[in-house]
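Numbering (the working numbering), first residue to last: 1257 to 1417. Glycine included, every Cβ here is placed at the ideal spot set by N, Cα and C. Remember, it's a predicted structure, so these values are computed and weren't measured experimentally.
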DNA sequence: CTGTGGTCCAGGC
DNA sequence: GCCTGGACCACAG
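What follows is the structure, given as structure tokens:
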């Protein structure tokens, strides 16, 4: 199947999405946009709506490698909630550092919501920029109630743009 | 607060 | 094969 691509905005950043049908092949963050659309739920999610992206299939959980088990566990974290590296590690019987490695190599962030995996004593890491993780967590915390972004977070997004 | 040992996979050699 | 380095954690001083 042909792979489509496009981008939408998320705060300062552009989200590039590569997909075909219901399968997301790659998601990445960049400072510039590309031509083309992204699937509607992804655009809504980036705009702060409490959209569940679990209905998409990610190439990351297709096989049965150690990482794919981690990705499946991470995908179960509901919108607005977080889990720690250690909690995920215990769920799939591995170590917290391995969970960190899996998150760092996640080919489809947002679809595999690695931003919801935080350190026991802090936010943890995120590439390419920790601000993205912070923004996503803020958006989900504020947006979880009405299913849309609050004026306060909206202000924050405009602030950093 | 700051070590430090445990953990386990990937990547470089 | 061996070595090293992580988006970490718990526990000792």
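By the CB criterion at 9 angstroms, residue 1307 and residue 1335 fall inside the cutoff.
Only residues of its own chain outside the window of five on either side were considered, and among them 1365, 1382, 1388, 1389, 1392 and 1393 have a CB closer than 8 angstroms to the CB of residue 1371, listed in chain order. For residue 1381, DSSP records no beta bridge to any residue. Within the same chain, Cβ atoms closer than 6 angstroms to the Cβ of residue 1294 are found at 1262, 1264 and 1273, the five residues on either side in sequence being excluded.
In this structure, the alpha-carbon of residue 1289 lies about 21 angstroms from that of residue 1305. The shortest CA-to-CA distance from residue 1397 to any of 1260, 1337 and 1343 is the one to 1337. Each residue's CA atom was taken as its position, placing residue 1331 and residue 1292 some 26 angstroms apart.
Boundaries of the beta strand (DSSP E) around residue 1282: 1279–1286.
When the beta-carbon positions are compared, residue 1379 and residue 1355 stay at least 9 angstroms from each other. When rounded, the separation of the alpha-carbon atoms in residue 1277 and residue 1269 is 25 angstroms. Secondary structure of residue 1356 (DSSP, three-state): helix. In the three-state scheme derived from DSSP, where H, G and I count as helix and E and B as strand, residue 1391 is classed as helix.
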